[in-house]
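What follows is a set of notes on a single structure, which appears directly below.
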Amino acid sequence: TPDHLATPPTSAIVQAKLGISCGGGFDVMSACSSFGAALFTGYCLIRSGMCRAGLVIGADVMSRIVSWNDRSIFPLLGDGAGCFVLERTHESEDQFIPGGFTFGLDGRCADLITVPIGGSCAPITTKAILDHYDQGHTIKMQGKHVFKLAVPLIANKVIPTALDRVGLSLKAVDAIVFHQANLRIIEAVVEQLGYAGKVYNNISRYGNTTSASIPLAYAEGVE
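Note that my numbering has the sequence shown beginning at 47, numbered continuously upward.
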């Protein structure tokens, strides 16, 4: 949910407010997976030697793009922000496991969560704004379909693939911090995995804060 649709990028606004006069910055627009993608990008830039340090920020104001008439979705979403500070270290002290990031994309599911109107494909119109029960400039989600796809995908593919890449068993994992999408999804994934370790959730207080959910939950879990 950037401050401005096309320009300037939110990273430029943040840089100016922090008083940082040099260095690069850019936005990562990838909905709920934005923080994971940005963290991976920041890690690669530092590990490659291109940068010494950086901020990875996840921030979303979902209350600005939700219709209060859509009772199926507006109680689920929240506003939030979180940040990781990354600094270069010796590889032996690296808190990440090199190559331990796993990503996937399936564009066939792109229409399950969408904001139909407001981009270059379908600009906002007066009719869309005035129609209180069909506000195309707000987020739409096919929740049941998302649930049916997400649970087996995370439990049977995403987590096993990630563990395999770093050579760990599920029993060796002390705690998991999931994206705070939906408590039913998380509980179903944990049950399907048969995971007995710690799982930290804060959905009951903040809802799904999309790209902010992982840094928020991680920070609170550590505390």
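Note that the Cβ used here is the ideal one computed from N, Cα and C, for glycine as well. Just so it is clear, the structure is predicted and the values come from calculations on it, not from any experiment.
request  = Report yes if the C-beta distance between K186 and P162 is below 8 Å; otherwise report no.
outcome  = yes
inquiry  = Cutting at 6 Å between CB atoms, please list the residues of its own chain near Y264, excluding the five before and the five after it.
reply    = V223
ask   = Which residue's Cα is closest to the Cα of C90: S67, T160, I66, T135?
value = T135
Beta bridge counterpart(s) of N254 as assigned by DSSP = L123
ask   = How is T160 classed by DSSP in three states: helix, strand or coil?
value = strand
task = Kindly indicate the opening and closing residues of the beta strand (DSSP E) around V102.
result = 99–107
task = For the segment 62–103, list the alpha helix (DSSP H) runs that are entirely contained and at least 4 residues long, ordered along the chain.
result = 80–93
key: Three-state secondary structure (DSSP) of L214   = coil
ask   = So L216 packs on Y179, CB below 8 Å; how close in whole Å?
value = Their Cβ separation, rounded to whole angstroms, is 45 Å, which puts L216 and Y179 out of contact at 8 Å.
query = Between the segment 118–131 and the segment 246–265, do three or more beta carbon pairs fall short of 8 Å?
reply = yes
request  = Please report the residue range of the alpha helix (DSSP H) in which H2 lies.
outcome  = Residue numbering for the chain in the displayed model covers 47 to 269; residue 2 lies beyond these limits and cannot be assessed.
task = Determine the contact status of A105 and S259, defining contact as a CB-CB distance below 8 Å.
result = no
request  = Kindly give me the distance between the Cβ atoms of F193 and I231, rounded to whole angstroms, as I take these residues to be in contact under 8 Å.
outcome  = 6 Å
message = Taking 8 Å as the cut-off, does the segment 69–84 touch the segment 48–61 (at least 3 CB pairs, one atom from each stretch)?
response = yes
query = On the three-state DSSP scale, how would you describe F147?
reply = coil
ask   = Does any C-beta atom of chain C lie closer than 8 Å to the C-beta of K63?
value = Absent from the structure is chain C; it holds one protein chain and no more.
task = Tell me whether A99 is buried or exposed, calling it buried when 16 or more other Cβ atoms sit within 10 Å of its Cβ.
result = exposed
ask   = So, is F81 buried or exposed, given that buried needs 16 or more other C-beta atoms within 10 angstroms?
value = buried
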